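Here the structure is laid out as structure tokens; the discussion comes afterwards.
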Amino acid sequence: MGPHPAVAAIRLAVRRVLHDLLTEHHRAPAAVPHALSHESPPLVLVACSGGADSMALASALAFESPKLGVRAGGITVDHGLQPGSEARAAEVVQRLRELGLDPVDSVAVTVGRTGGPEAAARDARYAALDTAAERHGAAAVLLGHTRDDQAETVLLGLARGSGIRSLSGMAAVSGAGGRYRRPFLELDRQTARKACMVQSLPVWDDPHNADPAYTRSRLRHEGLPALEKALGKGVVEALARTARLSRDDADALDSWASQAEATVRDAAGLLECAKLYALPPAVRRRVLRRAAIEAGAPAGSLFARHIEEIDRLITGWRGQGAINLPGKVVARRQGGRLVIRQG
């Protein structure tokens, strides 16, 4: 008799990702960094908090990696936001080692305040994971985000009034060189929890995930259940599907904007307002956003309202003055050209 359906599902999801990594590994030229070289099997790390999603992921990686000739390790990040966090991180390390993962690290981080507590914790976590991946020469870091997490991300983007890129949610592959992989984006949270239960894997439920002080927690425990009550089951699946479709559209528009940018600059490299005006709005705004970021505006602080203000210099020109952007970047219209530079 085969494994429980939930266990089979998580293992299949991880196996597919490992196959992709091995394909990339064998195609890589000899001159690439050690993490992707042909001299040794690639190392894959799992980011594990001790929760059901990441413990299920760790168990599947531990099971599949020896069969495929992949080295498997783990990393847990201690955010230091709760009493006893150091001891819990040590417990996670022990559980990962019991699964057979090696190397296994625990990294303590200091969480700042920029962007709010959730964003600050996320930034600190990814910085720690990047550092760990580089230190160990890892080809990839697996993350346990599920279809439910994807649905929440789409709703948060919708609530912010963000564009289609925000609605595309989390990518299955992201980060520098495709470092981060999310095998569970097509699986629901209950599948991961069930897989842990039938394998007798202990899991830790982070109290922050149930704390109404956090936006995502309120959405998870109040918002999504209310939507399902009003609209019926299937909301999570529909939102995840929206993310996939939106990502395809956003990728296509980004590619279009990248090609169009070269056609709207003059010989000196300045953006020509008349040529910008002729572009479809979705493409033009992407060109403007790219130009603002290249001038020094931090991408994370550049919002839709900033791009709309720059866009009015093109579409609603009435002699208005310069637009101040994050990063001390200034956008102004001069002689039919759009000049964006640090002021």
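Residue 566 is where the sequence shown starts when you use the numbering used here, and the numbers rise one by one after that.
Just so it is clear, CB atoms sit at the ideal spot from N, CA and C, and this is done for glycine as well.
Everything numeric in this text was worked out from a predicted model, so none of it was measured.
Asked                                                                                                           : Found
Burial state of P598, where buried means 16 or more other Cβ atoms lie within 10 Å                              : Because the pLDDT of P598 is 48, which lies under 50, any placement of that residue in the model is unreliable, and the number read from its coordinates should be weighed accordingly. Per the 10 Å Cβ criterion, exposed.
Cβ-based burial, A833 [other Cβ within 10 Å; buried from 16]                                                    : exposed
Beta-carbon proximity list for A596, same chain, < 8 Å, skipping 5 on both sides                                : For A596, the predicted structure reports a pLDDT of 43, less than 50, and the residue's modelled location is therefore unreliable. A value from the coordinates is still provided. So no residue of the chain qualifies.
Beta-ladder partner(s) of T696, from DSSP                                                                       : Answer is none; T696 lacks a bridge partner.
Contact set for G615: own chain, Cβ-Cβ below 6 Å, skip 5 residues either direction                              : V657, W769
With 16 other Cβ atoms within 10 Å as the buried cut-off, status of A600                                        : Any reading at A600 needs caution, since the residue's pLDDT is 47, under 50, leaving its predicted position unreliable; the model's value is listed next. With 16 or more Cβ atoms within 10 Å of its Cβ, A600 is classed as buried.
As assigned by DSSP and simplified to three states, the class of S671                                           : strand
Completely contained alpha helix (DSSP H) runs for the stretch 593 to 658, where each covers 4 or more residues : 617 to 633
Where V800 sits in the DSSP three-state scheme                                                                  : helix
V674 to V642 span [Cα, whole Å]                                                                                 : 7 Å
Contact under 7 Å by Cβ, L867 with A847                                                                         : no
Exposed unless 16 or more other CB atoms sit within 10 angstroms - verdict on D831                              : exposed
Simplified DSSP state of R725, which is helix, strand or coil                                                   : coil
Contact set for A860: own chain, Cβ-Cβ below 7 Å, skip 5 residues either direction                              : V894, I905, R906, Q907
For V738, the nearest candidate out of A856, A705, D670 (CA to CA)                                              : A705
Residues bridged to Q888 [DSSP beta-bridge criterion]                                                           : Checking the sequence shown, residue 888 turns out to be Ile, not Gln. In the DSSP output, where bridge partners are listed per residue, I888 has A896.
Proximity of D670 and I640 at Cβ, strictly below 7 Å                                                            : yes
A869 to D695 span [Cα, whole Å]                                                                                 : 29 Å
Beta strand (DSSP E) segments (min. 3 residues) lying fully within the stretch 815 to 893                       : 888 to 890
C-beta atoms of V579 and P748 nearer than 7 Å                                                                   : yes
When E826, T807, A652 are compared against L516, the one with the closest alpha-carbon                          : Summary: the structure shown does not reach residue 516, with the chain confined to residues 566 through 908, and so no result is reported for it.
Same chain only: Cβ atoms within 8 Å of K840, ignoring 5 sequence neighbours per side                           : T828, V829
Coarse secondary structure for L720, derived from DSSP in three states                                          : helix
Collapsed DSSP secondary structure at A808 in the structure displayed                                           : helix
Status (buried if at least 16 other CB within 10 Å, exposed otherwise) for P863                                 : exposed
Closest residue to G649 among D771, R678, I872, H591 (Cα-Cα distance)                                           : D771
Exposed unless 16 or more other CB atoms sit within 10 angstroms - verdict on D714                              : buried
Spatial neighbours of G567 in its chain, beta-carbon cut-off 8 Å, leaving aside the 5 residues before and after : A573
Selected residue, minimal CA-CA separation from A698, among C761, V609, A627                                    : V609
For R746, the residue or residues it bridges with in DSSP                                                       : L707, V738
Cβ neighbours of R576 in the same chain (closer than 8 Å, five flanking residues each side left out)            : P568, A625, F628, E629
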